[in-house]
Structures are given as C-alpha cells and as structure tokens.
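Visitor: Below you'll find the structure I mean.
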Amino acid sequence: MSLAYPELNQHILDMAEGDEEFREDLTKAIHSGLIELQEKYAEGKQLKDDVIIQQIRHKVKPTLAMFGFDDLSEILIAGKVIIETSGFGDEFDSHFSLFQSKLKVAIQEVKYLLEPKLNS
Numbered sequence: 005m006s007l008a009y010p011e012l013n014q015h016i017l018d019m020a021e022g023d024e025e026f027r028e029d030l031t032k033a034i035h036s037g038l039i040e041l042q043e044k045y046a047e048g049k050q051l052k053d054d055v056i057i058q059q060i061r062h063k064v065k066p067t068l069a070m071f072g073f074d075d076l077s078e079i080l081i082a083g084k085v086i087i088e089t090s091g092f093g094d095e096f097d098s099h100f101s102l103f104q105s106k107l108k109v110a111i112q113e114v115k116y117l118l119e120p121k122l123n124s
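Here the sequence shown stands for residues 5 to 124, where the numbers follow my numbering.
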C-alpha cells in the first residue's frame, strides 16, 4: 500500500519500543484524535464558531507534529488565517473541503494500521 504518511508506522513503532499493546493503544488514540478533529472542525464550521475550531486545533497539534501529519498542520494554520481575515465564507468552505479530504486519507491510513495483518 502506498501511504500518504510513509513514516507514520515507524513513528508509532519507535514510540512503542516493542510493546505491542502500547503500539495498538497509541494507534487507537491517534485514530480517535483524528476522528474528533473531523467532528469538531465540522461542528465549528456548521456553527461558525471559531472557538470550537481553535480548541480542537490546539488539542491535536502535538499529535499532528509528532506523527508527521505536516499537511494537516499546514491546512489548519491556513484555516486559522482564513477565519481571522475572511470569516466563515466561501474561502473557508473551499479550505474545509480540502481539509476534509486530506483528513479522510489520514484517518484511513491510521485505521489501516489497526487492521489485523493477513499471514502475519
């Protein structure tokens, strides 16, 4: 499988230091965090509430940085600028669509790491 985040699994393995249970828990936590980001960002957009978006952005920022989700971090920064300069208009709608598509890829890749491997 060609990964959008080719080093993600290695980052997780390095942090787990051979502890399979911790690796699985960490991967589940990353997955949960990305799902929460997806939900809260959508909620903030729907309610036009920049505080909701700011809170989830700050909550997931360390995870995104530690595990190589640089594209998501950059898109979140761009969204912050858009909200501060233009509000929740057409520009934010375009940003949101791009963010959701990139986030969907990240969620799928983390989910893939949680699936039992065949013949392993």
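Backbone N, C-alpha and C define an ideal beta-carbon position, used for all residues, glycine too.
Pick out whichever of D29, L38, L41 and E47 has its Cα sitting closest to the Cα of F92.
Guide: Closest option to F92, Cα to Cα, is E47.
Visitor: May I ask you to report which of helix, strand or coil DSSP gives K52?
Guide: Note: K52 maps to coil in three-state DSSP.
Visitor: Where do the ends of the alpha helix (DSSP H) carrying D97 lie?
Guide: Segment D94 to L118, the alpha helix (DSSP H) holding D97.
Visitor: Please go through the same chain and pick out, in chain order, the residues whose beta-carbon is closer than 8 Å to the beta-carbon of L51, but skip the five residues on each side of it.
Guide: Answer for L51: no residue qualifies.
Visitor: Just confirm the distance between the C-beta atoms of I86 and F96, as a whole number of angstroms; I'd bet it's less than 8 Å.
Guide: Correct: roughly 5 Å between the Cβ atoms.
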